[in-house]
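Visitor: Quick one: structure below, then a few questions.
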Amino acid sequence: MSKVIKLKKGFNINLAGKATTQLAEHTPETVAIKFDDFPGLYRPKILVKEGDAVKAGSPLFFDKAMEKVIYAAPVSGEVVAVRRGEKRKPIEIVILCDKQTEYVEHRRFTVSEIANLSPEDALNHMVASGVWPQVIQRPYAIVANPDVAPKNIFISTFDTSPLAPDFEFVFKGQEQFFQVGVDVLRKVGKCEVHIGLNAAAEVSKIFGSVKNVQFHKFIGPHPAGNVGVQIHHIAPINKGDVVWTLHPYGVIQIGKLFLEGRYDASKTIALVGSEVKQPQYYKTVLGANISKLVAHNVKSDHVRYISGNVLVGQKITADGHMGFYDHMVTVIPEGDKPRFFLTEGWLAPIAKRLSFHRALGLLSFLNSSKKEYVLDTSTNGEERAFVATGTFEQVVPMDILPMHLIKAILANDYDGMEALGIYEVAEEDFALCEFIDVSKQPIQKIIREGINMMRES
Amino acid sequence: MNFLHHLLEKQRPLFEKGGKFERFYYVFEAAETFLFTPPSTTPARGAHIRDAIDLKRMMMTVVIAMLPCLLFGMWNAGHQHYLAIGQEADFMTKFLLGLQHTLPIILVAYASGGLVEVIFAIMRKHPINEGFLVTGMLIPLVMPITIPLWQVAVATIFAVLVAKEVFGGTGMNVLNVALTARAFLYFAYPTEISGSVWTYLGEGATTVDGYSGATALAIIAETSEALKSNFTPGAAVAALNNVSWAPGLFSFENLFWGAIPGSIGETSTLMCLIGAAILIATGVGSWKIILSVFAGAYLTGLLVNAVALNAYMDLPAHYHLVIGGLAFGAVFMATDPVSAAHTETGKWIYGFLIGFFTVVIRVFNPAYPEGIMLAILLMNVFAPLIDYYVVQANKNRRLSRATV
Chain A
6 MSKVIKLKKG FNINLAGKAT TQLAEHTPET VAIKFDDFPG LYRPKILVKE
56 GDAVKAGSPL FFDKAMEKVI YAAPVSGEVV AVRRGEKRKP IEIVILCDKQ
106 TEYVEHRRFT VSEIANLSPE DALNHMVASG VWPQVIQRPY AIVANPDVAP
156 KNIFISTFDT SPLAPDFEFV FKGQEQFFQV GVDVLRKVGK CEVHIGLNAA
206 AEVSKIFGSV KNVQFHKFIG PHPAGNVGVQ IHHIAPINKG DVVWTLHPYG
256 VIQIGKLFLE GRYDASKTIA LVGSEVKQPQ YYKTVLGANI SKLVAHNVKS
306 DHVRYISGNV LVGQKITADG HMGFYDHMVT VIPEGDKPRF FLTEGWLAPI
356 AKRLSFHRAL GLLSFLNSSK KEYVLDTSTN GEERAFVATG TFEQVVPMDI
406 LPMHLIKAIL ANDYDGMEAL GIYEVAEEDF ALCEFIDVSK QPIQKIIREG
456 INMMRES
Chain B
40 MNFLHHLLEK QRPLFEKGGK FERFYYVFEA AETFLFTPPS TTPARGAHIR
90 DAIDLKRMMM TVVIAMLPCL LFGMWNAGHQ HYLAIGQEAD FMTKFLLGLQ
140 HTLPIILVAY ASGGLVEVIF AIMRKHPINE GFLVTGMLIP LVMPITIPLW
190 QVAVATIFAV LVAKEVFGGT GMNVLNVALT ARAFLYFAYP TEISGSVWTY
240 LGEGATTVDG YSGATALAII AETSEALKSN FTPGAAVAAL NNVSWAPGLF
290 SFENLFWGAI PGSIGETSTL MCLIGAAILI ATGVGSWKII LSVFAGAYLT
340 GLLVNAVALN AYMDLPAHYH LVIGGLAFGA VFMATDPVSA AHTETGKWIY
390 GFLIGFFTVV IRVFNPAYPE GIMLAILLMN VFAPLIDYYV VQANKNRRLS
440 RATV
């Protein structure tokens, strides 16, 4: 086992509404694939129209910039909507699920057959079956280009973000699929696979005994579980490098594709947050509609449904669909009430609203670290000009100057962005900056704009 | 309080696009966000929860940290007055006299600077920024109690206009705004901000025998000038201790305590340290800057001691920390996040050089008895350069990694 990498910078947000380790079934009526979940899409070509019947694994669309990578239907059923926005920009494809899922049947491989498979064949199998969009590349944090060989592959096996699902529970019993997924990735990428382990927890039953990988243990507050942070400390990305990153879910999906011959988009998600009556786990499917999940299970109707965690997720409606890469639904109260400055506003002492800072009246630092907070969606202040308070630096555990990188992006300074590390980062690595910012600036949006500028240059 | 919010919300259409007072929208916004934390919620993508802090709260923390200096300064203004005219007075009498002369200066500074802020917010269509809460309080604290009010107004307007708004407003300024106001007065109206202006005497008041309104800095500079190289070791401290009209006025203990002539808020090192404690405990002010200013001044003091060629160079290094405005400048001026160095390594260098230049200016430049003001302004100008090299080092680390 390798040595433990200790990260000091960061901040844990301890929210109320953690999932209990109970598992129920959630069979959605519809699922959707939303195009916004893939910020790297150039020009998607949609292959289905309303009324078409699809099987789980049937191609729905591909990107004209990467024609061989197909994006597959997660379930079998009928395409009920292909929604488009302005200038026919595709928004989402909605599928009405069959009662019994039918799969596109692929060839099944035994472990020895996989070992003898050529990298090219394995790659072609992956891109044509629907699992490939799980492979993310850095720089840019977009779906990887299968034609560019990576320098390394990274998998973080724990999530430090607020209310994150426990991977040991979610992926219980999937060890063999994970191992096969890793083996396929090593073959296809022709490089090392690096696994980030949580040094704060017990040795992982699922990930701790995987073979043919490099282990790296991390300990520290959020964002220690972010794969970007781990890459920075294992083998940082330099100009010209490409690395791949995967969620363990993606690795297991690849393993299932090869062993079972199916594109299996079922996933276990956590329904969490202070407004959920019964926070727990559900077995459902990628892109599931949440209406049956949250009906009669939330404490009030004035809540926000978030697909993903509270730091990087996206707002969805009570009958919306989960995002492609999300493994949790968080429900928190909306915070759209004005607050008088002396009683609850900027001059009042506040302990129940969490703060990274300790400025006048912000007393949350006095609370026990075990206290669980109920936080709403209030911005807690107005958007203001940037003030370089030097606090961003305290929540980015990388040798990156967050303020200067953000300034370089705002100034369209391409050389500056490159030199300050834009290739190494994704929005999620700066989510805490957005949380703690006094000026309430949309930091993650700025980072994505910077990434897009670099891609287009 | 809901009715108040409804009342405000009713006026909103008047200020929004197409409304009668559309151009005053940001005045409305400022008033509303002053009274109520806005009902705005986080966007659909990105962080859905936000920290409880906002800029108002942060700025308010700095204002609170300045209060010990302000209250002490009020008392001290009265104290110096009665000391000079040789009368006894109780605590409240002194305090109220100081209050009576300090309050107008504060009001004028807030009003004149606030007016410029509002006009620019309307013209430039940007929100009124809370940073002026701090600037408006800092300016009075670095003024002598006898400053004519019109000069406070002119200096504040000049500073806000030339040091801040022409650079694009809050967050864009290169120089510290409050110090620019002080520097403006220093060069435009030198007679009103140097010499014997530090004590309010009153019309036709008779002072005690041998009275001189000189500050410690001035006494040391004069002594040094008079003795040239024929000084005996310890001459500067002796000169401070020999103030005949008020024995013990410039003892080290009293310099630290701050019951001495000087600008309203800067005399007490003790009160500045209390302010520093608040800023550091709340994390609002950078401890690196505060510490490194003191360290820079002390080490430079030791350095000039070692080669002592005149009485000023011979002044014990620890005296440099308690005379003049060094403590106030280190705690409240140098830590201004906008004009200071932005990188963490840069802050050490920035602070240290402020301390260094303060002592250098004091000791080697008899034309300017106070060094901290010019040292901070100078380092404000150099802060981007310091940052440039620190950022460059970060870039180089990334580059060298790529070529290995």
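Chains as they are written, first to last, in the numbering used here: chain A, 6 to 462; chain B, 40 to 443.
Glycine included, each C-beta is placed from N, C-alpha and C at the ideal position.
Source: prediction; values computed, not measured.
(1) I need the straight-line Cα distance from B/Pro300 to B/Gln119, nearest angstrom please.
(2) For the region 67-78 of chain B, enumerate the residues whose C-beta is nearer than 8 Å to any C-beta of chain A, in chain order.
(3) Does the Cβ-Cβ distance between A/Val198 and A/Asn231 come in under 9 Å?
(4) Roughly how many angstroms separate the alpha carbons of B/Gln139 and B/Ile303, rounded to a whole number?
(5) Just to confirm my understanding: we take A/Lys270, look at its own chain, exclude 5 residues before and 5 after, and list those with CB closer than 6 Å. What are they?
(6) State the Cα-Cα distance for the pair A/Arg420 and A/Asp341, rounded to the nearest angstrom.
(7) Give me the chain B residues within the contact set of A/Ala424, using Cβ-Cβ distance strictly less than 9 Å, ordered along the chain.
(8) Report buried or exposed for B/Trp10, applying the criterion of at least 16 other Cβ atoms within 10 angstroms of its Cβ.
(9) Going along chain A, which residues have a C-beta under 8 Å from B/Asn168?
(10) Tell me where the alpha helix (DSSP H) around B/Leu94 begins and ends.
(11) Would you please state the rounded distance, in angstroms, between the beta carbons of A/Pro144 and A/Ile224? I believe it to be under 8 Å.
(12) Could you work out which residue in A/Phe163, A/Phe212, A/Glu34, A/Gln181 is closest to A/Ala205 when comparing CA atoms only?
(13) For a contact defined as C-beta to C-beta under 8 Å, what are the partners of B/Leu94 on chain A?
(14) Quick one: what's got a C-beta closer than 6 Å to B/Pro327's C-beta in the same chain, skipping five residues either side?
(15) Let me confirm a value: A/Met403 is counted as buried when at least 16 other C-beta atoms fall within 10 Å, else exposed. Which label applies?
(16) When we look at the beta-carbon of A/Arg267 and count the other beta-carbons within 10 Å, is it buried (16 or more) or exposed?
(17) Hey, does B/Glu383 have any beta-carbon neighbour from chain A nearer than 9 Å?
(18) Note down, one range per segment and in chain order, each alpha helix (DSSP H) of at least 4 residues found wholly within the region 361-445 of chain A.
(19) Assuming A/Leu314 contacts A/Ala169 under a Cβ cut-off of 8 Å, what Cβ separation, rounded to an integer in Å, is found between them?
(20) For B/His357 and B/Gly117, what's the separation of their Cα atoms in angstroms?
(21) From which residue to which residue does the alpha helix (DSSP H) around A/Asp185 run?
(22) Output, in chain order, the set of chain B residues within a Cβ distance shorter than 7 Å of A/Glu439.
(23) In its own chain, which residues sit with a C-beta less than 8 Å from the C-beta of B/Pro82, not counting the 5 before and 5 after it?
(24) Since I believe B/Tyr239 is in contact with B/Ile232 (beta carbons under 8 Å), could you give me their beta-carbon distance rounded to a whole number of angstroms?
(25) Measuring CA to CA, which of B/His87, B/Leu180, B/Leu312 is closest to A/Phe440?
(26) Could you tell me which residues DSSP pairs with A/Gly201 in its beta bridges?
(27) Given a threshold of 16 other Cβ atoms within 10 Å of its Cβ, counted over all protein chains shown, does B/Ala104 qualify as buried or as exposed?
(28) CA-CA distance, A/Asn385 and A/Pro447?
(29) How is the beta strand (DSSP E) around A/Trp249 delimited, first residue to last?
(30) Is there a Cβ from chain A that is less than 9 Å from the Cβ of B/Ala227?
(31) What are the start and end residues of each continuous alpha helix (DSSP H) run of 4 or more residues lying completely inside the region 75-133 of chain A, in chain order?
(32) Measure from the C-beta of A/Ile18 to each C-beta in chain C and report whether the shortest distance is under 9 Å.
(33) Could you name the residues of chain B that A/Lys450 contacts, counting a contact when the two beta carbons are closer than 7 Å?
(34) According to DSSP, is A/Ser209 helix, strand or coil?
(35) Among B/Ile184, B/Phe206, B/Gly208, B/Ala202, which one has its Cα closest to the Cα of B/Ala220?
(36) Let me know if B/His45 comes out buried or exposed under the rule of 16 or more other beta-carbons within 10 Å of its beta-carbon.
Guide: Short version:
(1) Their backbone Cα atoms lie some 7 Å apart in a straight line.
(2) Glu68, Thr72, Phe73, Leu74, Phe75, Thr76, Pro77, Pro78
(3) The answer is no: Cβ separation not under 9 Å.
(4) Approximately 13 Å between the Cα atoms of the pair.
(5) Residue identity differs from the one stated: residue 270 of chain A is Ala in this sequence, not Lys. Residues of the same chain with a CB within less than 6 Å of the CB of A/Ala270, apart from the 5 flanking positions on each side, are Pro79, Val290, Leu291 in chain order.
(6) According to the sequence displayed, residue 420 of chain A carries Asp and not Arg. If I take the Cα positions, the gap works out to 41 Å.
(7) Val430, Gln431, Asn433, Lys434, Asn435, Arg437, Leu438
(8) No answer is possible for residue 10 of chain B: it lies beyond the span of chain B, which begins at 40 and ends at 443.
(9) Arg389, Ala390
(10) B/Leu94 -> alpha helix (DSSP H) spans 94-123.
(11) The pair is not a contact, with the Cβ atoms about 27 Å apart (cut-off 8 Å).
(12) A/Phe163
(13) Gly386, Glu387, Arg389, Val392, Val443, Ser444
(14) In the sequence on display, residue 327 of chain B carries Lys and not Pro. Taken in chain order, the residues that qualify are Lys386, Trp387.
(15) buried
(16) buried
(17) yes
(18) 407-415, 419-425, 436-441
(19) Before going on, a small fix: residue 314 of chain A reads as Asn here, not Leu. The Cβ separation is near 6 Å, so the contact holds.
(20) Taking the straight line from one Cα to the other gives about 28 Å.
(21) According to the sequence displayed, residue 185 of chain A carries Val and not Asp. 180-194 is the span of the alpha helix (DSSP H), which, as asked, contains A/Val185.
(22) Within chain B, the residues placing a beta-carbon under 7 Å from that of A/Glu439 are Gly85, Ala86, ordered along the chain.
(23) none
(24) Actually they do not touch by this definition, with Cβ atoms about 14 Å apart.
(25) B/His87
(26) A/Ser161, A/His221
(27) buried
(28) Those two C-alpha atoms are separated by around 14 Å.
(29) In the DSSP assignment, A/Trp249 falls within the beta strand (DSSP E) that extends over 248-251.
(30) no
(31) 116-121
(32) Absent here is chain C; the protein component of the structure consists of chains A and B.
(33) Gly85
(34) coil
(35) Among B/Ile184, B/Phe206, B/Gly208, B/Ala202, the Cα nearest to that of B/Ala220 is on B/Ala202.
(36) By the Cβ-count criterion, B/His45 is exposed, with fewer than 16 other Cβ atoms from all chains shown falling within 10 Å of its own Cβ.
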